[in-house]
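Chains as they are written, first to last, in my numbering: chain B, 1 to 208; chain V, 1 to 208; chain H, 1 to 208. Virtual Cβ for every residue (Gly too), placed ideally from N, Cα, C. Following: one structure in structure tokens, then a few remarks.
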Amino acid sequence: MSVLILHILYLVAITAEAMTAALAAGRRNMDWVGVCLLAAVTALGGGSTRDVLLGHHPLVWVVHPEYLLVVVVAAMTTIAIARFMHHLRRLFLFLDAVGLVVFTIIGCTIALDMGLPVVVAIVAGMITGCVGGVLRDILCNEIPLLFRAELYASVSIVTGGLYVTGMQLGLPHDPVMYTATIIGLAMRLLALRFNWQMPKFVYTLKLH
Amino acid sequence: MSVLILHILYLVAITAEAMTAALAAGRRNMDWVGVCLLAAVTALGGGSTRDVLLGHHPLVWVVHPEYLLVVVVAAMTTIAIARFMHHLRRLFLFLDAVGLVVFTIIGCTIALDMGLPVVVAIVAGMITGCVGGVLRDILCNEIPLLFRAELYASVSIVTGGLYVTGMQLGLPHDPVMYTATIIGLAMRLLALRFNWQMPKFVYTLKLH
Amino acid sequence: MSVLILHILYLVAITAEAMTAALAAGRRNMDWVGVCLLAAVTALGGGSTRDVLLGHHPLVWVVHPEYLLVVVVAAMTTIAIARFMHHLRRLFLFLDAVGLVVFTIIGCTIALDMGLPVVVAIVAGMITGCVGGVLRDILCNEIPLLFRAELYASVSIVTGGLYVTGMQLGLPHDPVMYTATIIGLAMRLLALRFNWQMPKFVYTLKLH
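Below, the structure is given as structure tokens:
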């Protein structure tokens with residue numbers, strides 16, 4: 001049961017990631033192909049990076065090329081309905097938070113299934129959840145937002161930490177997954193609502 | 001026969017990609033080592049990315065380290081003859097178009113030989129043809145040209161689509177390859193000549 | 001014996017790379033999580049890139065997740081002692097040079113153990129030594145320093161070339177390793193001291 005829900009949430013998540021990436025592309029006046037490429041890299045880049053680093057082949061979109069289609073349709077739909085997207089701002093911030101948490105748990109699951117250590121599983125979850133956005137920001141020629149603002153990576157670490165710890169303790173899968181999902185999602189939404197930030201490290205001298 | 005022609009065109013293509021990358025390096029005043037590195041990443045980065053994503057090891061330059069030498073010699077030659085390169089501008093735009101098409105077909109061939117789905121083969125062709133230039137632009141700290149201008153990725157998709165479809169229909173290899181090559185090349189050259197562009201997606205509101 | 005020394009130097013090197021990356025993060029006002037992520041990518045990114053390109057799995061930090069801890073502790077320590085770091089400027093430039101040479105030799109060793117050609121082993125050493133800093137600069141949205149300044153990649157090529165050649169000639173491992181290390185280190189320190197530079201390639205015309 002929970003596998004089906006996770007799969008549906010995964011499809012929702014890649015769609016939401018693709019659509020927010022398409023808007024980022026639009027703010028840089030990319031052409032339609034650029035919009036689709038940026039959407040694909042953002043939505044599927046985190047999982048692909050995880051699989052490449054863990055040597056976990058074949059990649060998701062190689063086995064399921066229909067996900068590429070989902071991403072491209074999401075990107076083109078965004079171009080069509082862009083003028084109304086502003087009204088859906090809150091919905092997309094919510095779906096982006098769902099995506100972060102779902103991607104994280106999927107990444108942890110794959111690493112645990114490969115028999116990898118606990119710390120590596122948490123890192124695999126964080127890579128799955130966060131790297132897509134980092135690639136998007138690099139391709140848009142910006143310092144990744146992840147490194148500068150909001151409890152984004154931290155939410156991923158907490159979600160993954162709860163899930164992996166629960167699994168290691170031999171607790172039943174579904175309650176652990178739902179608990180990690182809900183706590184991670186709540187943490188992310190509260191961070192957005194109250195503008196929670198990590199402390200910043202400000203250093204002004206040059207070493208070189 | 002056609003394999004030999006494809007191989008010769010591949011060598012021409014990595015040489016041309018290395019030389020245009022060397023000029024991009026020169027416009028940013030990189031040192032000689034930087035010029036060679038940028039040339040190598042641009043010429044061999046597309047194929048390497050494809051092989052890493054598909055889990056297709058060993059990589060081309062690991063089996064044929066002489067290609068690294070080709071790229072370095074091309075880069076150093078560019079430094080030597082840079083003052084004359086401007087007169088060869090049209091030639092290099094033509095060779096760059098040849099490279100795009102040849103890289104695409106090689107990428108499709110490798111994916112089809114691995115028994116991967118049609119859509120993945122077309123994506124593998126596009127990655128082979130386009131990612132080198134994307135890496136070059138990222139390392140030069142620019143938004144990749146691919147995302148913003150010209151029918152570059154589109155030419156790759158059309159070329160790969162024709163080639164992969166022809167192979168799937170069981171048509172003889174060589175005519176399919178030549179047809180895809182000529183149509184892709186013509187499309188790219190016409191796009192350059194008449195400044196064809198994809199429509200751009202312009203979006204000005206911020207989601208965050 | 002020499003394996004133990006190399007291992008200790010490796011730990012010193014990833015610590016030093018993590019700390020200098022943390023300072024780079026501080027100059028861009030990244031938050032604490034961003035500091036740790038940039039430190040991890042810089043310290044472990046070169047080896048990870050090498051292993052991904054060579055298909056050499058599992059990666060170092062997957063087998064030894066404690067290295068991730070080393071890097072995070074180094075990054076947080078840097079935040080704590082940042083105000084004193086300026087006085088340690090020379091020490092860190094020295095440790096960075098040690099890291100470059102040690103990473104290079106480790107990269108060459110792994111490629112030679114895989115039975116790869118001499119040129120590929122030297123490239124593997126250069127990737128191990130240099131790519132971490134390139135990833136750091138890309139994530140900080142700068143043209144990689146490697147491409148623009150100082151004998152950094154060149155030191156890696158000379159160190160790797162000496163080591164690989166010595167191994168190919170059947171010379172005993174330890175003297176070859178120490179000789180390559182000392183010559184590489186001396187070359188890097190002299191380059192820093194006397195501001196040695198590679199000639200730059202300056203090109204002002206646009207091809208497109």
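Leaving aside the five residues that flank V101 of chain H on each side, the residues in its chain whose CB is nearer than 6 angstroms to its CB run, in chain order, T159, T181, G184 and L185. Look at the region 26–44 of chain H: the residues with a C-beta under 9 angstroms from a C-beta of chain B are G26, R27, R28, N29, M30, D31, W32, V33, G34, V35, C36, L37, L38 and A40.
Rounded to the nearest whole angstrom, the C-alpha separation of A97 of chain B and L11 of chain B is 14 angstroms. From the beta-carbon of A153 of chain B, the residues of chain H found nearer than 7 angstroms are V33 and L37. If the five residues before and after Y203 of chain V are omitted, its C-beta is found closer than 8 angstroms to no C-beta atom of its own chain. Among the residues of chain H, those whose CB is under 9 angstroms from the CB of R148 of chain B are R28, N29, M30, D31 and G34, following chain order. Positions of the alpha helix (DSSP H) runs, each at least 4 residues long and wholly inside the region 22–92 of chain H, are given as 32–54, 60–63 and 66–85 in order along the chain.
Between L44 of chain V and A124 of chain V, the CB-CB gap reaches or exceeds 8 angstroms. For T204 of chain H, there is no enclosing alpha helix (DSSP H), as DSSP marks it with neither H nor E. Inclusion of V62 of chain H and L91 of chain B in the CB contact set at 8 angstroms is not warranted, their separation being larger than that value. Under the Cβ criterion of 8 angstroms, V52 of chain H is counted among the residues facing chain V. Proximity of chain H to M198 of chain B at the Cβ level (cut-off 7 angstroms) is accounted for by D31, W32 and V33, in chain order. With distances taken between CA atoms, L6 of chain V lies nearest to V:T109 out of V:V72, V:T109 and V:A82. In the pairwise beta carbon analysis, the region 63–81 of chain V is classified as not touching the region 162–179 of chain V: fewer than three pairs are separated by under 8 angstroms.
Listed along the chain, the chain V residues whose CB falls inside 8 angstroms of the CB of T78 of chain H amount to none; the nearest CB is some 25 angstroms away. Contact with chain V is found for N141 of chain B, since one of that chain's Cβ atoms lies less than 8 angstroms from the residue's Cβ. Counting only runs of 4 or more residues that sit fully inside the region 110–160 of chain V, the alpha helix (DSSP H) segments are 118–139, in chain order.
Taking CB atoms only, P58 of chain V has a neighbour in chain H less than 8 angstroms away. Using a 10 angstroms sphere on the CB of I81 of chain B, the tally of other CB atoms stays under 16, which defines it as exposed.
Taking a contact as a CB-CB distance under 8 angstroms, the pair G132 of chain V and S156 of chain V does not count as one, their CB atoms being some 12 angstroms apart. Judged by their CB atoms, V33 of chain V and L139 of chain V are not nearer to each other than the 8 angstroms cut-off. Taking 8 angstroms as the upper bound for CB-CB distance, A16 of chain H and L38 of chain H are not in contact here, some 14 angstroms apart. Put simply, the CB of P65 of chain B is near chain V, with a gap under 8 angstroms to one of its CB atoms.
At least one C-beta of chain H is nearer than 8 angstroms to the C-beta of Y203 of chain B.
Within the region 108–121 of chain H, contact with chain V at the beta-carbon level (separation under 7 angstroms) is assigned to L116, P117, V119 and V120. Rounded to the nearest whole angstrom, the C-alpha separation of H86 of chain B and L151 of chain V is 30 angstroms. Listed along chain H, the residues sitting closer than 7 angstroms to S48 of chain V by beta-carbon distance are L53. With 16 or more other Cβ atoms inside 10 Å of its own Cβ, H56 of chain H counts as buried. For I138 of chain V, the chain H residues whose C-beta falls within less than 7 angstroms of its own C-beta are I138, listed in chain order.
Annotated three-state conformation of L169 of chain V is coil, per DSSP. Chain B has no Cβ within less than 8 angstroms of the Cβ of L9 of chain H. Taking a 10 Å sphere around the C-beta of R188 of chain B, we find 16 or more other C-beta atoms and assign the residue as buried.
Rounded to the nearest whole angstrom, the CA to CA distance from M30 of chain H to E142 of chain V is 21 angstroms. A distance of 8 angstroms or more separates the beta carbons of F147 of chain V and G26 of chain B. Inter-residue distance for P144 of chain V and D137 of chain V is about 5 angstroms (C-alpha atoms, whole angstroms).
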